[in-house]
Each structure stands twice: as C-alpha cells, then as structure tokens.
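Using this note's numbering, the letters of the sequence shown map in sequence onto residues 257 to 798.
Here is the structure we will look at.
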Amino acid sequence: MSEFTPTAEQVLAIDYLGHMVVTACPGSGKTEVISRKIRTLTASLPSYKGVIAISFTNKASDELRDRCKAGNLDVKGSFFGTIDKFCIGRIILPFIKHMVIISNSLEISVSRFADLSSSQQALFPDFESRLPLKTSDTAEIIGAIYHLLQDGIILLEAVGILAVHVLNTSLSCQRYIKSAYTHVFIDEYQDSGEAQHGLFLKLRDLGLIAVAVGDGDQSIYRFTGKFPEFLAELSASRSGFEAFTISVNHRCHPSIANYANRLLSQDHPLLPSTEVAIIRRHLPGSQIEIASWIANQLNATKARYQVINNRDVGILVRSENTAKLISQNIGIPHRVFFSNPFTNSTSLSSRIIESLLTYRFNTRLTAQSLISEFSPLEFTVDVRNALRIAIQLCRLCSQDEFESSTLPVILALTGKPPSEESITLLRQVFESTTHLASFAPIADNEVQILTLHKSKGLEFKIVFHLDLYDWILPRRIVLEGNWDVHYHDEQQCLNLHYVGITRARKFCCLVTSSKRFNSYNQVKNGAPSQFFARPGLDNLFG
257 MSEFTPTAEQ VLAIDYLGHM VVTACPGSGK TEVISRKIRT LTASLPSYKG
307 VIAISFTNKA SDELRDRCKA GNLDVKGSFF GTIDKFCIGR IILPFIKHMV
357 IISNSLEISV SRFADLSSSQ QALFPDFESR LPLKTSDTAE IIGAIYHLLQ
407 DGIILLEAVG ILAVHVLNTS LSCQRYIKSA YTHVFIDEYQ DSGEAQHGLF
457 LKLRDLGLIA VAVGDGDQSI YRFTGKFPEF LAELSASRSG FEAFTISVNH
507 RCHPSIANYA NRLLSQDHPL LPSTEVAIIR RHLPGSQIEI ASWIANQLNA
557 TKARYQVINN RDVGILVRSE NTAKLISQNI GIPHRVFFSN PFTNSTSLSS
607 RIIESLLTYR FNTRLTAQSL ISEFSPLEFT VDVRNALRIA IQLCRLCSQD
657 EFESSTLPVI LALTGKPPSE ESITLLRQVF ESTTHLASFA PIADNEVQIL
707 TLHKSKGLEF KIVFHLDLYD WILPRRIVLE GNWDVHYHDE QQCLNLHYVG
757 ITRARKFCCL VTSSKRFNSY NQVKNGAPSQ FFARPGLDNL FG
C-alpha cells in the first residue's frame with residue numbers, strides 16, 4: 257500500500273474496536289481509515305468469515321475493495337457493494353424462498369412500481385403517497401409484495417423494507433449473517449433511508465460490530481427519502497455508538513477548503529494560504545460559450561497547476577441538460593456520464609451482462625469480483641472455478657462472440673438463459689459507439705463531465721463548477737399568489753454546492769454567464785447564484 261501516516265484523529269478511529277460513528281469532512285481520508293480497519297480485522301478471520309462493507313456507489317465500492325485487497329491481502333468472505341446489492345443478493349434472494357413459494361422456472365427481476373402492470377399496481381392502493389416506504393408500512397403491504405414475488409418480481413421501492421422483514425423473520429438468515437460476518441460498515445450514512453437505518457441497527461443487534469461513516473454537510477439526497485437525521489441519531493449521546501470526528505481536509509488546496517467551510521459557517525477559522533486557488537468567472541453568452549472558454553483555458557490552467565492529464569479535470573453541472581450542452585460544444589476529447597440502455601433495466605441477466613461489459617473493457621477488474629457479486633452462496637469451489645473461466649472468456653472473445661459468451665455465465669448464475677430484454681439491450685449497446693465507449697475506462701486525454709450528484713465521492717485536480725445561477729442553485733420555486741423569493745430545500749442546494757467545490761484538489765473555477773438555457777432549452781438571463789452573496793466569502797476567491 258502507499259505510504260500513509262495517520263493523523264491523531266484517524267488513529268483513534270482506526271484503533272477503536274466497538275460500535276462507532278465517524279463524522280468525516282471532505283478529503284479527510286475516510287476511505288483509507290475504513291480500509292485500514294477492514295484490513296486489520298480480516299487478517300485474523302477464518303476464510304469463511306468477513307465483513308459487510310456498504311458504499312453509496314459501485315465506483316466507491318470498487319475503490320474500497322481495491323484498497324482493502326492491496327498487496328494481495330485476502331479479505332476472506334467479505335462483501336463489498338451497495339446497500340441494494342447486499343439486501344437483494346445476501347438477504348432477499350437466498351432466504352425469501354423460505355417464506356414464499358416461488359417457481360424455480362422464474363427469473364427473479366427487480367421492477368419499479370411504474371413498470372408494473374395495472375393489475376399489479378392495483379395491489380398497492382395509494383402506493384406513491386407512501387413513498388419512501390418505511391418499515392412501519394410492511395404489515396399492510398407485505399401480502400402484495402409476496403404476490404409480486406410469486407410472479408418473479410422484487411419491487412424496487414420495497415427492497416429496503418423487504419430486507420428488514422426477511423432479516424427479522426427468517427432465523428436461517430439471522431444464523432447466516434452471524435456466522436458469515438463480524439462487522440458492518442456503511443459509508444455516506446448521511447444519505448441513509450429509514451429502512452437502511454433499521455437494517456443497520458438490526459445487524460448490530462445480531463452481534464455484528466457496527467460502523468457508520470458520514471457527514472451531514474454532504475447530505476444531498478433528501479429528495480429521495482435519505483435523511484442526515486439518522487447519522488445525527490447515532491452521534492447523539494447514549495446511542496450506544498462512540499462518536500469520532502475526522503476534521504482535516506487533506507484533499508483541497510487550503511484556499512478551496514476555506515471557501516467551502518465559510519459557505520457553511522461565516523465564522524469558520526481560516527487555514528493559512530499563500531495563494532487563492534478558487535476563482536469566479538462571469539462570461540458573456542450561455543453554457544455554449546462556457547464550453548468554448550473552458551476548452552481554450554484548459555492547457556494554460558493545467559500548466560499552471562502542474563496537471564498532466566485531462567482525466568483529472570471535472571466539469572460539474574446541476575443537470576444533464578447542461579451536461580449535453582457542454583458535451584456538444586466543448587470540442588475536445590471528453591467523457592460525459594449519461595445513461596446507457598442498461599441503466600433502467602432491473603432484470604438479473606441485464607445486470608450480469610452490464611457487469612460483464614464493464615469487466616471486458618476494464619482490465620483492472622477481476623472475474624472474482626463478478627463471482628462475489630452474483631454467485632449463490634452454495635456454489636462449490638469447482639463450480640466457481642468453471643464460472644471464473646467462463647467470465648474470463650467474455651474478455652478474451654471477439655465482439656461478435658460476446659453475446660454467446662455470456663450464455664454460460666448467465667446459465668451458471670441464474671439457472672436460466674438471458675432474458676430477451678437483456679439481449680436486446682446488449683445489441684443496442686453494440687450498435688452505438690457512444691454507449692460502447694461508456695464501458696471503457698476513462699482515457700488520459702478525456703475531460704470528465706458529470707452532474708454534481710454523480711460527482712459525490714470523486715475528486716479532480718481541477719474543477720469547473722457550472723450552473724451557479726439564480727433559479728438553478730439554489731433552486732427557486734414560485735408559490736401561487738406570493739411574489740416573495742422561495743427556495744426548494746435551500747440547505748440541500750447549499751450542500752450540493754459544497755460537495756461540488758470540495759471535489760477540487762488544486763484549482764476550482766466557479767463559472768456563470770450572462771445567459772443560460774433552461775430545461776426547456778429556452779434562453780434566460782443568467783443572474784449569479786445567491787450563494788455568491790453569503791457572508792464570510794469576501795476576499796476568499798480570485
């Protein structure tokens with residue numbers, strides 16, 4: 257592993273052995289802290305035991321797993337993945353058949369409520385008014401959830417409460433959890449929902465050591481029913497969790513950290529800084545002119561801050577509409593993070609094929625990572641070895657052979673051939689160079705364009721932060737008959753701005769323009785964001 261000298265705060269968090277909650281600011285080295293704890297713990301475990309490590313995104317999970325396995329360390333039977341993958345793959349699928357009769361001929365798929373048939377939706381009266389579902393809803397709708405399961409469908413919106421229900425009800429599931437895992441780690445806890453919080457506490461009650469890591473100031477998913485209050489609950493006295501803080505931002509240039517901290521608190525102490533590496537620029541024109549300006553400024557900016565590769569440059573936007581405008585007008589190699597044909601598919605075979613595509617193009621991934629994610633718990637060593645060879649062939653085969661090469665993998669993992677939908681989606685990917693390129697690793701010469709929400713957990717040496725307009729960030733709303741200025745969750749918008757700024761390591765440019773395109777592609781005046789006028793920011797930007 258790379259040289260790592262922990263701070264006093266980090267040492268306390270790494271060494272503590274009990275239930276704990278860690279509040280970690282941006283750039284605090286939390287991933288290093290978590291990985292050090294996991295490496296130490298797994299070293300002394302038998303081969304069949306491990307830890308549960310839940311990350312918010314697949315990318316964050318991959319990074320944590322790679323750090324934990326650095327130097328070929330064996331992480332034993334540990335699970336690395338998102339909360340939905342854990343709930344579905346380690347709780348629901350292995351144990352729901354003990355509770356509901358499901359035909360072996362059915363391929364279990366995950367479906368959104370909106371994608372159900374009208375007769376299936378009728379099983380859930382007033383369903384949308386309940387969202388997000390809470391564990392208290394379980395008793396009233398569990399019969400309908402079981403009915404869908406008999407049709408081979410897991411309701412996506414109910415994954416959390418169903419997992420809690422299975423864990424509470426199935427003694428076999430409880431025995432498995434207690435025998436297989438010693439600890440549970442959940443990162444980005446500030447964006448936890450009620451069901452995830454309940455699952456975390458249940459795992460603790462089963463005897464696992466529980467570790468939560470998060471930062472209320474980076475809560476940006478309240479609109480989906482994810483609340484920082486659950487993190488605050490764990491941090492409160494008498495919660496049964498020891499509270500730790502990791503407060504030093506090792507990522508951002510001091511001037512960037514100063515600006516970000518003063519956004520949240522006008523009296524926050526300032527770090528010493530000999531230069532200002534965060535600037536504001538207001539340009540004539542719209543996002544189209546911003547794209548051209550960034551392209552023209554890029555080489556000089558990279559040279560000044562000693563950045564070699566374009567991949568270390570992030571252009572962060574509020575909406576996919578702006579991302580498209582920048583992509584269409586920047587005129588230099590770039591990668592924009594849009595949806596691909598598999599994005600909205602929830603069938604198991606589609607998820608497997610999407611993972612096989614990613615594995616094919618990303619040589620850093622191993623066949624074992626797919627086996628760990630998708631293989632049933634009861635697979636023997638011989639079956640896993642055969643599956644590993646089949647997965648490896650999906651990387652070695654020609655593009656024309658890829659579709660047929662996925663067949664033995666999917667048969668082994670699901671017991672059935674791939675669904676027609678998954679094959680159709682695969683063919684759509686191969687028919688589009690844009691979709692196909694999205695599975696390849698970022699090239700060194702590609703600038704990255706992505707929304708602020710998708711930037712969570714990432715970092716760039718240079719950041720251009722766009723969409724800092726009145727009406728956009730913070731988002732303004734109009735109340736009928738009321739001409740006062742009102743915002744839609746101003747605090748969440750401020751957190752989103754804070755997240756965007758703190759993605760930058762060496763330089764951050766806050767860009768606005770005199771005009772802007774709205775979501776209907778209409779040109780509007782581009783007044784700067786009200787966040788520019790927050791007290792405490794004077795003289796902190798160039």
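Glycine is no exception: its CB is placed at the ideal position from the N, C-alpha and C atoms.
Closest option to Gln452, judged by alpha-carbon separation, among Pro525, Ser631, Lys482, Ile357: Lys482. For Gln778, the three-state secondary structure derived from DSSP is coil. For the pair of segments examined, the region 304–311 was found to touch the region 329–339: the number of CB pairs separated by less than 8 angstroms reaches three.
DSSP links Lys325 through a beta bridge to no other residue.
For Asn565, the CB contacts under 6 angstroms within the same chain, skipping 5 residues up- and downstream, are Asp700 in chain order. Collapsing the DSSP output to three states places Ser435 in a helix. Remark: C-beta atoms of Gly399 and Leu362 do not approach each other more closely than 8 angstroms. In summary, Phe441 is buried, with 16 or more beta-carbon neighbours lying within 10 Å of its beta-carbon over all protein chains present.
With fewer than 16 other Cβ atoms from the protein chains shown falling within 10 Å of its own Cβ, His354 counts as exposed. Runs of the beta strand (DSSP E) lying entirely within the region 284–340 and spanning at least 3 residues, in chain order: 306–310, 335–337.
At the C-beta level, Ile358 and Thr394 stay beyond 8 angstroms of one another. The alpha-carbon separation between Arg620 and Ser595 amounts to approximately 22 angstroms. Apart from sequence neighbours up to five positions away, the residues of its chain that approach Phe763 with a beta-carbon distance below 6 angstroms are Ala533, Tyr561, Ile718, ordered along the chain.
Just measuring C-alpha positions, the residue of Asp443, Ser660, Gln648, Asn618 sitting nearest Phe336 is Asp443. Per DSSP, reduced to three states, the secondary structure at Asn738 is strand. Counting other Cβ atoms within 10 Å of its Cβ, Leu427 stays below 16 and is therefore classed as exposed.
Secondary structure at Phe773: strand, using DSSP grouped into helix, strand and coil. DSSP, read as helix, strand or coil, puts Gln266 in helix. Sequence-distant partners of Gly541 (beyond 5 residues in either direction) whose C-beta falls short of 8 angstroms from its own C-beta, in its chain, are Ser769, Ser770, Lys771.
In its chain, beyond the 5 residues on either side, Gln446, Pro484, Leu487, Ala488 have a beta carbon closer than 7 angstroms to the beta carbon of Gly472. Per DSSP, the beta-bridge partners of Ser367 are Leu411. Taking a cut-off of 8 angstroms on C-beta distances, the region 520–535 does not touch the region 773–786, as fewer than three cross pairs fall below it. For Ala492, the secondary structure class from DSSP, reduced to helix, strand or coil, is coil.
In the three-state reduction of the DSSP assignment, Tyr515 falls in the helix class, which pools H, G and I. As far as DSSP is concerned, His453 takes part in no beta bridge. For Thr501, the enclosing beta strand (DSSP E) stretches over residues 498–502.
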